Structures are given as C-alpha cells and as structure tokens.
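Single-structure report; data block below.
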Amino acid sequence: MESLESKAPHVLIFPFPAQGHVNSMLNLAQLLSLAGLNITFLNTDHNHNRLVLHSNILHRFACFPGFQFKSIPDGLPDDHPRTGVRFMEMFDSFELVSIPLFREMLCSGQLNSATGQSVTCIIADGVLSFPIDVGNELGIPVIHFRTASACYFLACFCIQDMIEAGELPIRENEDMDRLIRSIPGMETFLRIRDLPSFFQTSNLADPGLQLVANKTRQSPRAHALILNTFEDLEGPVLSHIRTKCPKIYTIGPLHAILKSKLESKTTLLQSWSPNSLFEVDRSCMVWLDAQPLKSVIYVSFGSITIMTKDKLMEFWYGLVNSKKRFLWAIRPDLVIQKDGEGQVPVELVEGTKDRGYMVDWVPQEEVLVHQAVGGFLTHSGWNSTLESIVAGVPMICWPYFADQQINSRFVSEVWKLGMDMKDVCDRVMVEKMVNYLMEETREIFMKSIAEKARLAKESVSEAQGHVNSMLNLAQLLSLSGLNITFLNTDHNHNRLVLHTDSLDRFACFPGFQFKSIPDGLPADHPRAGNRFMEVFDSIKLVTEPLFKEMMSSGQLNSATGQSVTCIIADGSLSFPIDVGNELGIPVIHFRTISACSFWAYFCIQDMIEAGELPIRENEDMDCFIRSVPGMETFLRIRDLPSFCRARNTADPNLQQVKNMTRQSPRAHALILNTFEDLEGPVLSHIRIKCPKTYTIGPLHAILKSKLESKTTLLQSLSPNSLFEVDKSYMVWLDAQPLKSVIYVSFGSITVMTKDKLMELWYGLVNSKKRFLWAIRPDLVTQKDGEGQIPLELIEGTKDRGNMVGWVPQEEVLAHQAIGGFLTHSGWNSTLESIVAGVPMICWPYFADQQTNSRFVSEVWKLGMDMKDVCDRVMVEKMVNHLMEERREIFMKSATEMARLAKESVSEGGSSYCNLDHLIKDIRLMSMITTK
3 MESLESKAPH VLIFPFPAQG HVNSMLNLAQ LLSLAGLNIT FLNTDHNHNR
53 LVLHSNILHR FACFPGFQFK SIPDGLPDDH PRTGVRFMEM FDSFELVSIP
103 LFREMLCSGQ LNSATGQSVT CIIADGVLSF PIDVGNELGI PVIHFRTASA
153 CYFLACFCIQ DMIEAGELPI RENEDMDRLI RSIPGMETFL RIRDLPSFFQ
203 TSNLADPGLQ LVANKTRQSP RAHALILNTF EDLEGPVLSH IRTKCPKIYT
253 IGPLHAILKS KLESKTTLLQ SWSPNSLFEV DRSCMVWLDA QPLKSVIYVS
303 FGSITIMTKD KLMEFWYGLV NSKKRFLWAI RPDLVIQKDG EGQVPVELVE
353 GTKDRGYMVD WVPQEEVLVH QAVGGFLTHS GWNSTLESIV AGVPMICWPY
403 FADQQINSRF VSEVWKLGMD MKDVCDRVMV EKMVNYLMEE TREIFMKSIA
453 EKARLAKESV SEAQGHVNSM LNLAQLLSLS GLNITFLNTD HNHNRLVLHT
503 DSLDRFACFP GFQFKSIPDG LPADHPRAGN RFMEVFDSIK LVTEPLFKEM
553 MSSGQLNSAT GQSVTCIIAD GSLSFPIDVG NELGIPVIHF RTISACSFWA
603 YFCIQDMIEA GELPIRENED MDCFIRSVPG METFLRIRDL PSFCRARNTA
653 DPNLQQVKNM TRQSPRAHAL ILNTFEDLEG PVLSHIRIKC PKTYTIGPLH
703 AILKSKLESK TTLLQSLSPN SLFEVDKSYM VWLDAQPLKS VIYVSFGSIT
753 VMTKDKLMEL WYGLVNSKKR FLWAIRPDLV TQKDGEGQIP LELIEGTKDR
803 GNMVGWVPQE EVLAHQAIGG FLTHSGWNST LESIVAGVPM ICWPYFADQQ
853 TNSRFVSEVW KLGMDMKDVC DRVMVEKMVN HLMEERREIF MKSATEMARL
903 AKESVSEGGS SYCNLDHLIK DIRLMSMITT K
C-alpha cells in the first residue's frame, strides 16, 4: 500500500462566484499548495475567464505542479451583471445548472488531478450546501469555508431563534435602534439596523432570508468549518459558534498568513499580482507616493455595491468639502444610470484632481499599507475589513449588503476601529465623518487599530524559555551520570544547531543524544503571538501519535539500545502521561513558569465558579481576586495571566491552560524552576494538589555552580539560544561606570508597534540614564524598514544608549555596570535578574508575565510594575525611581534575594538537595521499569 507521505491529499476547492469569496479561497488554495497538497480549484467559467484576463493567475499557480484550474457553468449569460439586486439570481441558477454538473464532474473523474488521483477532500464555500450531499454520497469528506465574518455566521445561525422570539420579521415603523436579544453575546449592542441586509424584511417567506437561514444551518453537517478570522478579534463569538460546529479552524486574516509564508519564498512568488476579477489601475500608486504621511482617505465600496448617480455625487461633495486628500476606486459598473451618466462630471474631477484621485480598480492591499493612507471609507465587506485591520487603517463604514451591516457595528461599537455611517449618507454627514476620522478622533482610532493590527500580524520567534530550561535540566542530569535523550521539534533543533554550540556542549556526555520530531507546522509558521496556540493543535494532531510510535518502536532508545525508563515532559503537554501510563513508564511534569503562575492557572476553575472569571466589560481591573489561596490580599484582576483576560469562559486559550495545568497531579512528580525562599507560601498550596514537587531552581544558577568544578571546555560553552548572539555590546559596557546602566530586553516573544518602541526610547533618553537595549530584528510589527529607531536619533545618543540584537543575558545582568533591568517579566529573565541582584522595572506582555510582575513589585519588593501603562513620561519616571530615588531600597531587597538564591543552589541548599532527591528518584524508577 502506498504510504501517506508518498501520496499527498487531493483537495477540491469550490468557491461561490463572487469576488470576495473567490479571493479568500484562492488565498487558501495558495497556502495549501505551499504545504504540498494537490489542489483543484473549481471556478465558474465566467469568473475563471475574468481572472485570466485581469491577473497573472495561471503563471502564479504554474509554480505548483499539483495545482490545476477547472471551471463549471453558472447558468447565466456573460452579460448578466451578477451584482446589486440581481446578485441573488446566481443562487437560483446554481441550483438549476451547477449542482447536477458538479456531481457528474466528480463522479466521472473530470475533477481528478493531473496524475489521475481522485478527490480526497472537498473545501466548499459555506453558502453552498449541495457539495455536502454529493460528498456524503461518494464518501468524500467536505469542509465548509465561510468567507464572511464569524459574527455574521452566528447571526445567520440564530435566524430561527429571532423568529421564535418575535424579533423577525421587522415590522412597519419599527424602532431600528431596538436591541436584538436572541444572538448570544450581542445582546447589549446589536440593533435591528445592524442586522444583515437579508434579515431586514417584513416577510418571513422572503427568499433571501430563507436562503441564508437554511444554508447556514447546513454547516454542522460538514466535517469541519473554516473561518477567515482570528481568536483575538472574534473570540467571544467563536465560543458560541463552537457549540454548534465544534471543529472550527480560524485561519485568518488569510491574506496576512499568505504574505508571511511568501516572504521566505522566491522573488517570483513574492511578486505575484493580486487576485482580481477587475482590471487593476496602478497609476494611483504614483499619485499616493507624492502625498504626505497618513493624509489620504481611501474610498472603495467593493465588487458588488451599486448606487445612484445622486448618491455618488453626495459622496463626492462630502469628500471635496472635507478638504482632505482622497483616492476613490470607482468601478465602471458602480452607478446604475445609463452609459455615460454614472460618473462624476469631468469638470468636477478636473477641479479637484490635486486633492482627489479617481480610478477604476486598485490593488487594495497595497493601497492600504501605503504610508500616505490614513483612513478607509468602506462598504465593510469582510475581506476589506480584515485588510484594513492588518494595515492598521481606521474605517468609516457605509455598509450595503449581506454581512456588511453587522461588520460595521463590530468595527465601531465592539472593536472601536472607526465609525458607522449606515442608513444616513449625505454630503454633510460624509464631510463630518471624514473630518472626525482624519482629525478630531484620529489618535484614538489609530491607537485602537494599531493594537488590533499587532494582534493580527504577530509573527515572532517562538517561546525559547521552555527549551532553555529543559536544556539546563538535561545538562544537570547528564552531569549526574544519567543517560539522556533530548527530544526537540525539528524546527527548534535546527535553530539550536544554527545559533549555538549545543552539539559540542553535549558531546562531552557519552550518554546524551539529541532526537527530533515534527511539530506538524511548516518551517515558516510563526509559532507565536495570536497563532501560538496553533502549536498545541498541531502537536495534538501530528506529534502525539508520532511520539507514541517512536516510543513503542525503540526510536528513542539510547545509543546503546537502552529503552526509556523515565519521561520528563513539559508540563504544558499532557499526552506523554497517557503514553507513559500505557507503556508502564513513569512521567514527571516540568513546568517552566513560576510557581505563582502555575497556581493561578490551577485555580482558574475556582475563579469561574466564584464569578471572578470571565472578566466583564468595564471591570475594575484593580479589584482583588479572592479565589487563589495565598494571594487574596494583593492579586488584582490586572495581575492575572494574560489568558485569563478572556471575555468568555469558553475561550480556547483559557480552556487550554486550565485543562493542561489540571493534568499535572496525574504525573509521577512535578518539577518547578524556583526555590523555597522565593515562593515557599505558594508552594505549600501547590503541594496539596501535587505532593511530590521538586523545586530545583534557579536552574541556570545551579548549573553554573555544578560546572565551576568541571573542565574549562564545559565552562566556556555558549548559552542556549534560538537567536544569533551579538557580542559587540561588551566593549561599550566595560567603559560604563558601576551600576550606571539600565539593561532593556523584552524576551523572545514580545512584539510592539513602532509608536510603542519610540515611547520607550524617548522615556529612556529623557531619563538621562545610560541604557543597553537588546532589540530583536522582529520586535516591531511594522513593515520592513519602519520598525527601527531612526538612525539620526541613535547617533544622537550613542554615547549614552547602545542598541544591539540578541545578547547573552546572564552575562549582561552579571556585569558590574548594570544597575537595573527593564523587562517583560518572563520567568527565566526574572530568575536571572534575581540571581544577579539587579532590581527590575516590569512591563509584562504575555502568559505568566502579568503575575510575575506583581510578585516582583508587591511581594518580593524587587522593583516596580509598569503593566497596562507605558508612555515616555511613565518610562522616564520609572527609570529615575529605580536608578536614583529608590535605588538603595531596591538594591537592598535585590541583594538579599540574590543571597538566598545562591544559598539554595549551593551544597546543602534547598534546590541543591531537591536535585539530588530527583536524581535518586529517577534512578529508582529505572530499576523498577527495567525489572
């Protein structure tokens, strides 16, 4: 039988024939082709011909030998408009013509791949239900892909509930601002006027309403549902959808994922033209290049919207009267008048051509990311909304059709990314809205959308803290004479080999070996930010069964053939416990986070039951949490780990950390990288749940103390790092006075906007203190070249401020010139600062860091907590407090904690003894397992 690896799946992708649907599904087709799948893209004859005419689509997909286009009639004549009021005619025609043809093409092999392989999976547009029937008949799994927003999908799913509640149909003289109560999660803000256009009918038998209600209710019959969105944008809505369609893949924004994957590919792949059913006019880019920064409002109403000439003129006068520059994409078929009457009069165009530029169709993604564009007057189509979010451009919404009404409400009321102009539109309103967006409320909207853009585009290096801590433990156990197999992912193993001397270091231990395993993700997957949790899903699907197979088949045996006698697994992975139990091998969990964060995670269910989670809108973030024993007097809502800030208890990230933490008592023992004098009170609570807890930290310090008695070779080896280390800083640091420098680093995961980076930079400069800042190349979320501090500013402060790439942090913190640490409060960084006796300013970003920073400032008194507020004034104030005004107080506390840390890892100390006990426990396990 042919192996799974040798025969890639053959996926048939079938979009509904509208520009937005085709665009999204073409992006998905490219992504799946990049992953090595065989793809057949089934378009309508009409749309396929337009794609070939207006884009380089055939040339683009020729790069993928497993890709092919096929087409099918939509049953309409070529001159049918397929827009406006006649858009719904396509559904009727599809029903009559395309359904029987689709079944025939699939059965007869016309849709087989070029090599003759039959279809193994169908990804069908979610507005088409017949592929599910055909797939079920032929035994082919079907995945639905809804190209609209999740909020629209849920609203459509709730049509029957609205009917039963008497909220539909809409009555004559209805109060359009009345709130809708039958869509879970939207009860407080969704008005009748915000319902999708199909809902706004006075007749329940309306064919448009019945169509969307029936089509949406078919999606649970599909094998899975794909949505072009992301958890940080529509998480609360998605939690409700998952009760109907449990298997949901949120893989958006699709255009941004595709762009990130193409960046590592050839220049040919990167230079592809956009998918377009219209001829693109690129003259607008020359005009944009000549406009000032953020001065232009871009106007486009998508591929389906139509309007009267009068309405077009109202928009035009409103834009002109605002006195703002504008770029307007006006499709040739936008206006419903007779030929020649639909466009803005030539004399008006000529009169404002310096300030206003009008073209037919533009490369929208490229326009939105242009530095001159500061706002977007949009129809609120979902693709346009996502493109605007990713580009960080605030919106004025004038919705026209389908999902656009509900999208615009979410943009304005929920996400606060712009303004909603639905149902009222004249020149006065347009002028007013443009001036609000581009002047009066500009800073507010820019701040909101920059944060959403960051969440949408986060593409940073993965969490190296887990790998670092586990490698330190591996080295300690190797020093004790144990045989160690270190199982890393292929991706991380390759990065370790590239950036460190790990192979040389562990070659000193004859019983040590590296092995690696796929994590199921392509090499260019970011594995971080809002896509970090995809690692868990992929490990569940790919790595878990492979791990069991490798264990059972002896692939993880030692070099001498000895089978595994004990597994030490990262505490965020529960499946090794199941595999270990099945094979009779004891499993120890190692959590690489702080004990205080582990305990907060463990108490999530208690917080939910006490009504402290989820966090409500407008919650007092300084309210104390009472359900985490031992922290009742100081832990505030704002100090909870980032995953706890979800607005819904069904949030997948919240559920993930809650469930995986509750698995640790099933393990044979628990290892924590901490020490008794630091987290003793918290540890006493943890030991009630996990009695066998080994505290063997700070790991880097205990390893250093053990290595001091070893060979010079072992002592001189480089640190574990997934980044290339920049050593240029040391000469500069050596020349600085004692305790005069504040070291700044935000770890391996944090990302920020250029504006935030500049606030931090100005705060440091204004403090007039010396600083050393480790700025990763991928720290800033902006486009290439925009993310770094301008060279002239660096030159102006280079005597006092030194900026480098990635540094050996332990070495930096131990340097005599360092007097403070501005940190993200990652646990490894916190421990390294404690051991070095360096006080901290905490600016937490992710996961456990919020809780760590509270303990640093409030419990251990080792520094100050700057969470949730960060501007140049605050940074300057904090730096001066730490380095001058409160320096002696913090130095005294930090020196005492450093002493306790060093005692714990010295012979006879708590961590030193606990490590010995752990090693004895592992040796005993070996004797029992091999009997």
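Mapping of the sequence shown onto the numbering used here: position 826 corresponds to residue 828, and the numbering continues sequentially without gaps.
Even for Gly, the Cβ is constructed at its ideal location relative to N, Cα and C.
In this text the structure is predicted, and so the values were computed from the model without any measurement.
**Prompt:** Curious, which full-length alpha helix (DSSP H) runs of at least 4 residues does the region 277 to 329 contain?
**Reply:** Qualifying alpha helix (DSSP H) stretches, in chain order: 285 to 291, 311 to 323.
**Prompt:** Along the chain, which unbroken stretches of the beta strand (DSSP E) at least 3 residues long are found entirely within the region 806 to 856?
**Reply:** 820 to 825, 842 to 844
**Request:** Use the C-beta contact count for Thr-269: other C-beta atoms within 10 angstroms, 16 or more gives buried, fewer gives exposed.
**Result:** The pLDDT assigned to Thr-269 is 43, lower than 50, so where the model puts this residue is not dependable; a value taken from the coordinates is nonetheless given after this. The residue in question, Thr-269, is exposed, as its Cβ has fewer than 16 Cβ neighbours within 10 Å.
**Message:** Strictly by DSSP, which residues pair up with Val-589?
**Reply:** Paired residues: Ile-569.
**Message:** Which residue wins for smallest C-alpha separation from Glu-97, given the options Gly-556, Glu-389, Glu-281, Asp-76?
**Reply:** Among Gly-556, Glu-389, Glu-281, Asp-76, the Cα nearest to that of Glu-97 is on Asp-76.
**Item:** Delimiting residues of the alpha helix (DSSP H) encompassing Trp-763
**Value:** 756 to 768
**Request:** Round the Cβ separation of Gln-406 and Gly-383 to the nearest angstrom and send it over; I've been treating them as touching at under 8 angstroms.
**Result:** 6 angstroms
**Asked** Does the region 136 to 150 come within contact of the region 227 to 237, defined as at least 3 CB pairs closer than 8 angstroms?
**Response** yes
**Message:** For Lys-764, which residues in the same chain have their Cβ closer than 7 angstroms to its Cβ, ignoring the five residues on either side in sequence?
**Reply:** The sequence shown places Tyr at residue 764, not Lys. If you ignore the 5 residues before and after Tyr-764, its C-beta comes within less than 7 angstroms of the C-beta of Arg-874, all in its own chain and listed in chain order.
**Message:** Give me, in chain order, the residues of the same chain whose beta-carbon lies closer than 6 angstroms to that of Phe-823; leave out the 5 immediate sequence neighbours on both sides.
**Reply:** For Phe-823, where only same-chain residues beyond five positions count, the Cβ hits under 6 angstroms are Tyr-745, Ser-835, Val-840, Met-842.
**Request:** Pull up the distance between the alpha-carbon of Met-662 and that of Asp-127, whole angstroms please.
**Result:** 35 angstroms
**Request:** Check the DSSP bridge columns for Ser-1 and list the partner residues they point to.
**Result:** No answer is possible for residue 1: it lies beyond the span of the chain, which begins at 3 and ends at 933.
**Asked** Which whole-angstrom value is the C-beta distance of Gln-70 and Ser-115, which I expect to be below 8 angstroms?
**Response** With a Cβ gap of about 7 angstroms, Gln-70 and Ser-115 count as contacting.
**Request:** For my contact list, Phe-636 and Arg-888 are in at a C-beta cut-off of 8 angstroms; report their separation, rounded to the angstrom.
**Result:** Rounded, the Cβ-Cβ distance is 19 angstroms, inconsistent with contact.
**Asked** Are at least three pairs of beta-carbons, each pair with one atom in the region 42 to 59 and one in the region 321 to 341, less than 8 angstroms apart?
**Response** no
**Message:** I want to know whether the region 643 to 651 touches the region 799 to 817 - three or more CB-CB distances under 8 angstroms.
**Reply:** no
**Asked** Would you say the region 387 to 398 touches the region 443 to 452, given that touching needs at least three Cβ pairs under 8 angstroms?
**Response** Yes: at least three Cβ pairs fall under 8 angstroms.
**Request:** Measure the beta-carbon distance from Ser-859 to Pro-846 and round it to whole angstroms, keeping in mind my assumption that it falls under 8 angstroms.
**Result:** Between Pro-846 and Ser-859 the Cβ distance is about 11 angstroms, and since that is not below 8 angstroms, they are no contact.
**Message:** Here's the rule: buried if 16 or more other CB atoms are within 10 angstroms of the residue's CB, otherwise exposed. What is Ala-167?
**Reply:** Its Cβ having fewer than 16 others within 10 Å, Ala-167 is exposed.
**Request:** Mind listing, in chain order, the continuous beta strand (DSSP E) runs of no fewer than 3 residues lying wholly within the region 114 to 148?
**Result:** 123 to 127, 144 to 148
**Nearest-angstrom Cβ-Cβ length linking Val-432 and Leu-321, presumed shorter than 8 angstroms** = 6 angstroms
**Prompt:** Cα-Cα, which of Ile-308, Glu-316, Ala-331 is closest to Ser-302?
**Reply:** Ala-331
**Prompt:** Taking the C-alpha atoms as reference points, what is the distance between Leu-14 and Asp-521?
**Reply:** 26 angstroms
**Item:** Run of the beta strand (DSSP E) containing Ala-776, from where it starts to where it stops
**Value:** Residues 772 to 776.
**Request:** Report back the beta-carbon spacing between Ile-306 and Ala-20 to the nearest angstrom; my notes put them in contact at under 8 angstroms.
**Result:** Yes, they are in contact, since the Cβ atoms of Ile-306 and Ala-20 sit about 7 angstroms apart, within 8 angstroms.
**Message:** Below 8 angstroms on the Cβ atoms is my contact criterion, and I expect Leu-735 with Leu-774 to pass it. Report the Cβ-Cβ distance as a whole number of Å.
**Reply:** Yes, they are in contact, since the Cβ atoms of Leu-735 and Leu-774 sit about 6 angstroms apart, within 8 angstroms.
**Item:** Inter-residue CB distance, Leu-211 and Thr-203 (contact presumed, cutoff 8 angstroms)
**Value:** 5 angstroms
**Item:** Status (buried if at least 16 other CB within 10 Å, exposed otherwise) for Ser-540
**Value:** buried
**Minimum C-alpha distance to Trp-289 - residue among Gly-358, His-257, Ile-921, Asp-312** = Gly-358
**Request:** Using the DSSP secondary-structure output, state which residues sit across from Val-861 in a beta bridge.
**Result:** Per DSSP, none; premise fails for Val-861.
**Request:** Determine, using beta-carbon pairs with one atom in the region 909 to 923 and one in the region 694 to 702, whether at least three such pairs fall under 8 angstroms.
**Result:** Verdict: yes, contact present.
**Request:** Answer with buried or exposed for Glu-441, where buried requires no fewer than 16 other C-beta atoms within 10 angstroms of its C-beta.
**Result:** With a threshold of 16 other beta carbon atoms within 10 Å, Glu-441 falls short and is exposed.
**Prompt:** In whole angstroms, what separates the C-alpha of Leu-1 from that of Thr-567?
**Reply:** Beyond the ends of the chain as shown, which are 3 and 933, falls residue 1; an answer cannot be given.
**Message:** Taking 7 angstroms as the limit between beta carbons, can you name the residues of its chain near Met-435, skipping five residues before and five after?
**Reply:** Ile-398, Met-421, Met-423
**Which of helix, strand or coil DSSP assigns to Cys-646** = helix
**Request:** Along the alpha helix (DSSP H) that carries Gly-210, what are the first and last residues, could you check?
**Result:** Gly-210 -> alpha helix (DSSP H) spans 209 to 218.
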